[in-house]
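This report refers to the structure that appears directly beneath it.
2 protein chains.
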Amino acid sequence: MKIISGGINSPKGFSSTGNFVGIKNKISKMDLAIVFSDAPAIAAAVFTTNIVKAAPVLWNQAIISDKGKVQAMIITSGNANACTGEIGIKHTEMIAEQASEVLKIKPKEVIIASTGVIGVPLPIEKICDGIKTNYLKLGNSELDAYLAAEAIMTTDTYSKQIAVEIEIDNKKVHIGGMAKGSGMIHPNMATMLSFITTDIDIDQALLQKLLNEIVIDTYNMISVDGDTSTNDQVTVLANGMAENKKITEEDGNYHIFKSAFLHVNTYLAKQIVHDGEGATKFITVNIEGAASKNDAQKLGKSIISSNLVKTAFFGEDANWGRIMTAMGYSGVEFDPELVSIHFTDNISTIDVLIKGKPIAFDEEIALEILKKKEIIVNITLQEGDASATAWGCDLSYDYVKINGDYRT
Amino acid sequence: MKIISGGINSPKGFSSTGNFVGIKNKISKMDLAIVFSDAPAIAAAVFTTNIVKAAPVLWNQAIISDKGKVQAMIITSGNANACTGEIGIKHTEMIAEQASEVLKIKPKEVIIASTGVIGVPLPIEKICDGIKTNYLKLGNSELDAYLAAEAIMTTDTYSKQIAVEIEIDNKKVHIGGMAKGSGMIHPNMATMLSFITTDIDIDQALLQKLLNEIVIDTYNMISVDGDTSTNDQVTVLANGMAENKKITEEDGNYHIFKSAFLHVNTYLAKQIVHDGEGATKFITVNIEGAASKNDAQKLGKSIISSNLVKTAFFGEDANWGRIMTAMGYSGVEFDPELVSIHFTDNISTIDVLIKGKPIAFDEEIALEILKKKEIIVNITLQEGDASATAWGCDLSYDYVKINGDYRT
Numbered sequence: 001m002k003i004i005s006g007g008i009n010s011p012k013g014f015s016s017t018g019n020f021v022g023i024k025n026k027i028s029k030m031d032l033a034i035v036f037s038d039a040p041a042i043a044a045a046v047f048t049t050n051i052v053k054a055a056p057v058l059w060n061q062a063i064i065s066d067k068g069k070v071q072a073m074i075i076t077s078g079n080a081n082a083c084t085g086e087i088g089i090k091h092t093e094m095i096a097e098q099a100s101e102v103l104k105i106k107p108k109e110v111i112i113a114s115t116g117v118i119g120v121p122l123p124i125e126k127i128c129d130g131i132k133t134n135y136l137k138l139g140n141s142e143l144d145a146y147l148a149a150e151a152i153m154t155t156d157t158y159s160k161q162i163a164v165e166i167e168i169d170n171k172k173v174h175i176g177g178m179a180k181g182s183g184m185i186h187p188n189m190a191t192m193l194s195f196i197t198t199d200i201d202i203d204q205a206l207l208q209k210l211l212n213e214i215v216i217d218t219y220n221m222i223s224v225d226g227d228t229s230t231n232d233q234v235t236v237l238a239n240g241m242a243e244n245k246k247i248t249e250e251d252g253n254y255h256i257f258k259s260a261f262l263h264v265n266t267y268l269a270k271q272i273v274h275d276g277e278g279a280t281k282f283i284t285v286n287i288e289g290a291a292s293k294n295d296a297q298k299l300g301k302s303i304i305s306s307n308l309v310k311t312a313f314f315g316e317d318a319n320w321g322r323i324m325t326a327m328g329y330s331g332v333e334f335d336p337e338l339v340s341i342h343f344t345d346n347i348s349t350i351d352v353l354i355k356g357k358p359i360a361f362d363e364e365i366a367l368e369i370l371k372k373k374e375i376i377v378n379i380t381l382q383e384g385d386a387s388a389t390a391w392g393c394d395l396s397y398d399y400v401k402i403n404g405d406y407r408t
Numbered sequence: 409m410k411i412i413s414g415g416i417n418s419p420k421g422f423s424s425t426g427n428f429v430g431i432k433n434k435i436s437k438m439d440l441a442i443v444f445s446d447a448p449a450i451a452a453a454v455f456t457t458n459i460v461k462a463a464p465v466l467w468n469q470a471i472i473s474d475k476g477k478v479q480a481m482i483i484t485s486g487n488a489n490a491c492t493g494e495i496g497i498k499h500t501e502m503i504a505e506q507a508s509e510v511l512k513i514k515p516k517e518v519i520i521a522s523t524g525v526i527g528v529p530l531p532i533e534k535i536c537d538g539i540k541t542n543y544l545k546l547g548n549s550e551l552d553a554y555l556a557a558e559a560i561m562t563t564d565t566y567s568k569q570i571a572v573e574i575e576i577d578n579k580k581v582h583i584g585g586m587a588k589g590s591g592m593i594h595p596n597m598a599t600m601l602s603f604i605t606t607d608i609d610i611d612q613a614l615l616q617k618l619l620n621e622i623v624i625d626t627y628n629m630i631s632v633d634g635d636t637s638t639n640d641q642v643t644v645l646a647n648g649m650a651e652n653k654k655i656t657e658e659d660g661n662y663h664i665f666k667s668a669f670l671h672v673n674t675y676l677a678k679q680i681v682h683d684g685e686g687a688t689k690f691i692t693v694n695i696e697g698a699a700s701k702n703d704a705q706k707l708g709k710s711i712i713s714s715n716l717v718k719t720a721f722f723g724e725d726a727n728w729g730r731i732m733t734a735m736g737y738s739g740v741e742f743d744p745e746l747v748s749i750h751f752t753d754n755i756s757t758i759d760v761l762i763k764g765k766p767i768a769f770d771e772e773i774a775l776e777i778l779k780k781k782e783i784i785v786n787i788t789l790q791e792g793d794a795s796a797t798a799w800g801c802d803l804s805y806d807y808v809k810i811n812g813d814y815r816t
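As given, the protein sequences belong to chains R and L, one line each in that order. Start counting the first sequence at 1; every next residue gets the next number (the numbering used here). Start counting the second sequence at 409; every next residue gets the next number (the numbering used here).
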């Protein structure tokens with residue numbers, strides 16, 4: 001696997017553009033991304049589990065459940081089109097129709113995503129006009145991919161992109177991705193959007209199965225603030241233009257693709273946490289020796305989601321008591337007397353708990369580790385041999401500021 | 409029901425004291441409370457659901473499951489005696505033995521509670537010496553109750569007490585209570601302790617059943633930061649000295665007692681939130697029209713536990729989108745199109761959502777309500793006729809400061 005440039009445009013046949021249409025009411029803040037595939041692509045997606053689903057999520061769910069082919073994605077930022085009732089549904093249809101008209105595809109071939117403030121109708125004329133005037137700018141350069149990745153941001157401080165190349169049947173296969181993370185220009189909620197493009201030829205059901213599997217280990221293992229958005233989605237388009245022999249089963253070629261696909265999604269998931277609202281530190285929690293993978297994941301998620309753990313990291317405090325506490329209320333059964341915890345920055349390491357016994361550690365080395373921007377917590381249980389990794393960030397004054405103070 | 413003074417000493421036969429024994433290493437910070445009942449009392453209690461349980465929790469659980477009578481409670485603050493392994497168990501026994509010796513009761517008649525930092529052994533000599541030198545100060549005055557309530561505090565900014573009087577069979581029956589809330593002198597975790605004394609004569613199983621029932625509507629409906637402590641407990645001692653005809657079934661007298669008991673526990677639970685770490689606002693969320701009480705409670709808890717809802721209240725923002733989002737991921741099934749939300753301070757009211765439709769509201773009136781220290785959110789669904797109330801606080805810079813910044 002080779003890391004390459006080009007983001008979502010690195011797979012053959014994909015082009016994109018990022019534009020300013022005025023949803024955000026701020027000059028120089030892009031808010032419309034258009035992604036196009038020359039060939040109809042199979043699509044796989046996972047959506048928020050929130051019972052309150054934004055209108056575009058409902059639109060996309062219908063396309064995915066019909067196993068319809070997709071040729072375009074329209075993503076707007078600044079307004080989530082969530083809790084907008086019938087008018088929200090209508091606006092989604094209007095976006096699809098506008099894209100359909102100019103791109104000469106069917107409305108049902110358009111995936112739509114919106115992110116931003118909740119409960120306010122979209123400025124639909126601006127968006128439709130924006131699609132009409134900007135679709136001609138679609139291009140397949142690195143810059144065009146960058147523009148799309150920039151246009152989907154809200155309070156993200158940088159755009160998140162990746163592209164990789166693998167070889168399958170002597171054909172070059174590419175996977176590109178872009179994602180946006182936590183925060184909104186008119187702050188509202190953590191909204192995670194991720195879009196993956198690939199030119200691999202693969203069976204739709206197999207791709208959907210792979211995505212479901214991957215999501216559990218990537219996007220579902222991150223937390224910024226514990227709030228599950230109404231708009232979260234990960235969408236993959238595969239247009240088959242790499243001309244590999246179509247992958248229809250979990251064979252060797254599938255596993256080459258899977259490994260690269262996992263890399264792309266892990267990278268984007270971690271980038272979302274890196275750029276978490278107000279985050280000053282990136283925390284990796286490795287759980288080993290759990291009775292099951294599900295247990296390991298629950299323990300990891302519980303730790304990175306705890307406000308008390310998060311504020312302790314912000315305070316650069318090796319507060320393993322809060323970690324034990326978060327494990328204790330995770331819902332997982334385990335023997336606390338067999339738990340070992342150590343902190344590391346990959347240079348120095350401190351043991352703070354060995355088999356349930358607190359270890360007197362060097363406070364200076366602890367502070368040296370905890371002052372770092374990236375901190376690793378390794379936790380070993382003795383319940384079995386399952387493991388998992390979770391990624392989180394600290395909880396800082398700026399998180400409160402971004403989410404509480406936006407009127408000032 | 410009459411609100412009276414005297415706290416935990418208002419029921420007949422109870423006395424208490426609060427002392428400084430040096431656990432907290434701070435002059436003038438009390439850290440040992442002793443509560444004594446002249447007559448052996450039946451005891452009921454509920455404990456943390458955290459799988460990591462502090463040594464005193466394990467000690468008390470054994471007493472309660474044996475249905476043993478209790479005559480004293482020893483409560484220390486500054487150190488939680490949690491994650492302390494065998495030495496922690498040993499220390500708990502030593503406290504019980506010391507109390508047993510001076511108070512002339514059995515060790516198993518002593519309920520023990522500790523709150524504070526995790527993973528550090530108790531300064532056991534200081535505590536045993538403290539019991540020996542201070543038990544003689546036990547008194548049944550209002551001041552003695554106040555001293556005990558002060559001695560159980562950690563980062564609480566004020567002590568929390570209540571007492572009520574009711575009449576059963578022409579006998580005066582009293583219920584007193586004290587509680588401590590969220591925070592520690594060496595900040596570690598939200599630790600909730602509540603102690604109720606009463607002179608009613610009541611069957612132990614009935615009292616335990618009542619407590620289990622009451623906890624669901626009181627302590628379980630509050631949240632400061634979503635972290636369930638290793639030390640949480642609510643303990644009730646009933647010594648029967650009111651000489652009422654013993655309550656053995658859910659008759660009229662039981663209901664008189666139940667109503668007063670609910671009042672005492674609701675009051676203490678709400679006080680804990682009022683004094684939540686860094687809290688600047690007290691939020692009441694009323695859910696009506698849910699399919700079941702459990703649904704109503706889950707919805708209310710999900711809202712008051714959301715960091716994004718909490719920061720919005722800190723920012724005085726009528727951000728109902730975050731409320732809908734928190735409801736949406738609560739795990740409860742409901743139709744978002746039938747939800748109505750309004751904010752009130754009991755003077756002004758604004759509708760922000762009526763049957764799923766956002767309502768344009770007067771921003772000035774909204775700000776007038778949201779600037780208040782106590783804000784009520786009323787949410788109506790159309791799924792059934794169950795209701796529940798949850799209480800929470802905002803998430804402020806000071807929460808982050810208290811929990812992250814203690815080294816400075």
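Built from N, CA and C at the ideal position, the CB exists for glycine as well. Quick caveat: nothing in here was measured; it's all calculated off a predicted structure.
Asked                                                                                                                                        : Found
Complete alpha helix (DSSP H) runs within the segment 352-387 of chain R (minimum length 4 residues, chain order)                            : 363-370
Check whether A668 (chain L) and I412 (chain L) have beta carbons under 8 angstroms apart                                                    : no
Unbroken stretches of the alpha helix (DSSP H), 4 residues or longer, contained in the segment 135-163 of chain R                            : 142-151
Beta carbon proximity, K160 (chain R) to chain L, threshold 8 angstroms                                                                      : no
Other residues of its chain near T280 (chain R): CB distance less than 6 angstroms, five sequence neighbours each side excluded              : D394 and S396
Nonlocal neighbours in the same chain, by C-beta distance under 6 angstroms from D806 (chain L), ignoring five residues either side          : G686
Contact set between A312 (chain R) and chain L, taken where Cβ atoms lie within less than 8 angstroms                                        : N811 and G812
Interface residues of chain L facing T49 (chain R) [CB-CB closer than 8 angstroms]                                                           : Y737
For N231 (chain R) and A82 (chain R), believed in contact at Cβ under 8 angstroms, the rounded distance                                      : 6 angstroms
Nearest residue (CA-CA) to M409 (chain L), options L:S631, L:S423, L:H582 and L:S549                                                         : L:H582
Listed by chain order, chain R residues near K765 (chain L) by CB distance under 7 angstroms                                                 : G85
Host beta strand (DSSP E) of N286 (chain R) (start-end)                                                                                      : F282 to A290
Cβ-based neighbour list, S473 (chain L), same chain, cut-off 7 angstroms, excluding 5 preceding and 5 following                              : none
Contact between the segment 573-587 of chain L and the segment 522-542 of chain L (3+ Cβ pairs under 8 angstroms)                            : no
At least three beta-carbon pairs within less than 8 angstroms, the segment 458-476 of chain L to the segment 507-522 of chain L              : yes
The alpha helix (DSSP H) enclosing T311 (chain R), as first and last residue numbers                                                         : N307 to F314
Proximal residues of chain R, C-beta to C-beta of P744 (chain L) below 8 angstroms                                                           : I51, V52 and C83
Beta-carbon proximity list for T157 (chain R), same chain, < 6 angstroms, skipping 5 on both sides                                           : D275
Nearest to K678 (chain L) (by Cα), restricted to the options L:I810, L:E550, L:G792 and L:M586                                               : L:M586
Contacts of W728 (chain L) in chain R (Cβ-Cβ under 9 angstroms)                                                                              : C83, I118 and G119
Meets three-Cβ-pair contact criterion under 8 angstroms: the segment 315-334 of chain R and the segment 443-458 of chain L                   : yes
Cβ neighbour criterion (16 or more within 10 Å) applied to H663 (chain L)                                                                    : exposed
Top-ranked residue by Cα proximity to V234 (chain R), from R:I202, R:G181, R:D201 and R:I247                                                 : R:G181
Bridge-paired residues (DSSP) for N79 (chain R)                                                                                              : R:T115 and R:V117
Interfacial residues, the segment 796-807 of chain L to chain R, with Cβ spacing under 8 angstroms                                           : D802, L803, S804, Y805 and Y807
Interface residues of chain R facing E843 (chain L) [CB-CB closer than 7 angstroms]                                                          : What the structure shows of chain L is the stretch from 409 to 816, and residue 843 (chain L) is not part of that stretch, so it cannot be assessed.
Beta-carbon contacts of V400 (chain R) that lie in its chain and below 8 angstroms, excluding the five residues immediately before and after : G278
Cβ shell of G68 (chain R) (< 8 angstroms), same chain only, five flanking positions each side left out                                       : A43, K108 and E109
Beta-carbon proximity list for G78 (chain R), same chain, < 6 angstroms, skipping 5 on both sides                                            : I23, K24, D31, G116 and I185
Among L:L645, L:T626, L:I622 and L:K580, the one whose alpha carbon lies nearest that of Q612 (chain L)                                      : L:L645
Inter-residue CB distance, G800 (chain L) and I712 (chain L) (contact presumed, cutoff 8 angstroms)                                          : 3 angstroms
Per-residue burial, G697 (chain L) [other beta carbons within 10 Å of its own, 16 or more giving buried]                                     : buried
Below-8 angstroms beta-carbon distance, L440 (chain L) vs any chain R residue                                                                : no
For G32 (chain R): DSSP bridge partner residues                                                                                              : According to the sequence as given, residue 32 (chain R) is Leu; it is not Gly. According to DSSP, L32 (chain R) bridges with R:N19 and R:T76.
Close beta carbons around V510 (chain L), own chain, < 8 angstroms, minus the five adjacent residues each side                               : I539, K540 and Y543
Beta-carbon contacts of L676 (chain L) that lie in its chain and below 7 angstroms, excluding the five residues immediately before and after : K568, I570, G585, A587 and S602
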